[in-house]
Amino acid sequence: MSKFRKKKKGMPAISTASLPDIVFMLLFFFMVTTVMRETELKIMKPKLPKATEVKKLERKSLVSYIYVGKVKGQGGDKIQLNDRIADVKDVKYFIFAERDTHPEDEIPLLTTSIKADINSNVGTITDIKEELRNVNALKINYSTLTGDVMDNIK
Amino acid sequence: MAKRDLPEINAGSMADIAFLLLIFFLVTTTMDVDTGISRKLPEKQDDVEPPILKEKNVFVVTVNRNNEILVEGDTFMTVDKLREEAVKFIDNGGGFGNPIDGAEPAECDWCEGAKDPESSDHPNKAIISLESDRGTSYGTYIAVQNELVGAYTILRNRLSEKLYGISYTQLLKDNKNRPSESMKEKIANIKAKYPQIISEAEPTK
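Protein sequences appear in the order of chains A and B.
Note that our numbering numbers the first sequence so that position 121 is 121, with each residue one more than the last.
If you want our numbering, it's the 1-based position in the second sequence plus 154.
Here it is as structure tokens:
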């Protein structure tokens, strides 16, 4: 027993010299994975509906976003493209601009994600869809959260 | 001269600085994955005569501006019943389907429905028509869409389970991780047996 005690006494303190290395490693991980938000929301943050049959959006570089929601103090649904509030008619120019930034062969793969507020009108969404059909941007995605659909109706 | 007694810089506070940055990035990072219901819009076509359909092959879902759901023009329904009804309709198999690959029109031998002659003939003839109003709320619209897509998922899962012992959802997942020809063939087969035909009418004003 006495031998044991002696050993314990001689235990050295754990070296913290490698702590900065560990922290740096974590730091680099987060620096690399962080995506800064590209567009600033001009409308109120849309409350997305919930759904169960969802698919993950792959290849984010191929996705362009259309936001639909309300603006504080104003009635009606507003559409935001890039950094400003726009009209339905501007959707086609937005799609053309998006297409310009991609090589020819990726154009059929481009997806438009509609991030619309749960209380928007279907009419607004239909207008957007009609514009998208006019310019042949047919792949769309209704952005939703995963959850019970009954929450949408309350 | 000065070089000689240059003191070493104390690196002890490096960890603190790194921590500070780490916490900043931890807080600003958002690891959200974008999910949603994917749909393909129909191509714009001019002057196309609408095909003649039998009324029994069309399942009409109407959502009005008060977010009430009317099925087949006569039954009010809540969203949670819709999936079940759509499954019943698609899976009915009461007659002969459209010919596949030039073969003779055949009955649906994988359907497990009631074979009611008053309901749809075949999954490849069964059309779900969704009519909405401009004033319908987007939440309800998505809920209805979700239930209709869900009905197809149920049927596809069931068939895939029966044929290959693995659910369709799992099949899609496996195909994404390790794509193979046999898997693609299975997916195409299931898709052909239960094709997703959801038609959206112009909304009423």
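Even for Gly, the Cβ is constructed at its ideal location relative to N, Cα and C.
Quick caveat, the model's predicted, so the values are computed rather than measured.
query, result
"Is the CB of B/Ile194 under 8 Å away from at least one CB in chain A?", "According to the sequence shown, residue 194 of chain B is Lys rather than Ile. At least one chain A Cβ lies under 8 Å of B/Lys194."
"Give me the residue from A/Asp117, A/Phe94 and A/Pro49 with the minimum Cα distance to A/Ala137.", "A/Phe94"
"Under DSSP, the alpha helix (DSSP H) around A/Thr33 begins and ends at which residues?", "Leu19 to Thr33"
"For A/Thr146 and A/Lys50, which I take to be in contact (beta-carbon distance under 8 Å), what is that distance rounded to the nearest angstrom?", "7 Å"
"By DSSP, does A/Gly10 sit in helix, in strand, or in coil?", "coil"
"Can a CB atom of chain A be found closer than 8 Å to the CB of B/Arg288?", "yes"
"Can you name the start and end residues of the beta strand (DSSP E) that B/Ser314 belongs to?", "Segment Tyr292 to Tyr318 is the alpha helix (DSSP H) holding B/Ser314; no beta strand (DSSP E) there."
"Contact criterion: CB-CB distance below 8 Å. Does A/Arg84 meet it with respect to chain B?", "no"
"Does DSSP put A/Arg59 in a helix, a strand or coil?", "coil"
"Assuming A/Val68 and A/Asp127 form a contact by the criterion Cβ under 8 Å, report the distance between their Cβ atoms to the nearest whole angstrom.", "Not a contact, Cβ separation roughly 10 Å."
"Would you mind reading off the limits of the beta strand (DSSP E) that contains B/Phe213?", "Val212 to Val217"
"Starting from A/Lys78, follow the beta strand (DSSP E) in both directions and report where the run begins and ends.", "Lys78 to Leu81"
"Quick one: list the residues of chain B neighbouring A/Val54, beta-carbon separation under 8 Å, in chain order.", "Thr189, Gly190 and Ile191"
"Measure the C-alpha to C-alpha separation of B/Tyr322 and B/Lys198 and round it to an integer number of angstroms.", "31 Å"
"Ends of the beta strand (DSSP E) at B/Ser353?", "Ile352 to Glu354"
"If you count every other CB in all the chains shown that lies within 10 Å of the CB of B/Asp275, and 16 or more means buried, which is it?", "buried"
"Using the Cα positions of A/Ile107 and B/Phe173, report the straight-line distance between them to the nearest angstrom.", "43 Å"
"Compute every distance between the C-beta of A/Leu26 and the non-hydrogen atoms of the ligand MN, then say whether any falls below 7 Å.", "The ligand MN is not part of the structure shown, which contains no ligands of any sort."
"In its own chain, which residues sit with a C-beta less than 6 Å from the C-beta of B/Cys265, not counting the 5 before and 5 after it?", "Asp245 and Gly247"
"Following the continuous beta strand (DSSP E) through A/Ala86, name the residue where it begins and the one where it ends.", "Arg84 to Ala86"
"Report yes if the CB atom of A/Asn134 is closer than 8 Å to the CB atom of B/Tyr292, and no otherwise.", "no"
"Between the Cα of B/Lys279 and those of B/Thr189, B/Ile351 and B/Met168, spot the shortest distance and give me the residue it belongs to.", "B/Ile351"
"Helix, strand or coil for B/Arg142 per DSSP?", "The question about residue 142 of chain B has no answer here: the residues shown for chain B are numbered 155 through 359."
"Give a yes or no on contact between the region 215–222 of chain B and the region 72–92 of chain A, applying the rule of three or more CB pairs nearer than 8 Å.", "no"
"Rank B/Pro349, B/Val303 and B/Glu356 by C-alpha distance to the C-alpha of B/Gly251 and give the top, closest one.", "B/Pro349"
"Excluding the 5 residues preceding and the 5 following B/Ile308 in the sequence, name in chain order all residues of the same chain whose CB lies nearer than 6 Å to its CB.", "Val241"
"Helix, strand or coil: how does DSSP classify A/Gly75 here?", "coil"
"B/Asp200 to A/Glu130, Cα distance in whole Å?", "14 Å"
"Could you check how far apart the C-beta atoms of B/Lys192 and A/Asn141 are, in whole angstroms? I think they sit under 8 Å.", "Before going on, a small fix: residue 192 of chain B reads as Ser here, not Lys. At roughly 5 Å, the Cβ-Cβ gap stays under 8 Å, so B/Ser192 and A/Asn141 are in contact."
"Taking its Cβ as the centre, do 16 or more other Cβ atoms sit within 10 Å of A/Phe29, making it buried, or is it exposed?", "exposed"
"If you pair each beta-carbon of the region 284–299 of chain B with each one of the region 229–237 of chain B, do three or more pairs fall below 8 Å?", "yes"
"Between the C-alpha atoms of A/Ala17 and B/Ser167, what's the straight-line distance to the nearest angstrom?", "11 Å"
"Look at A/Thr111 and A/Lys139 and say whether their C-beta atoms are less than 8 Å apart.", "yes"
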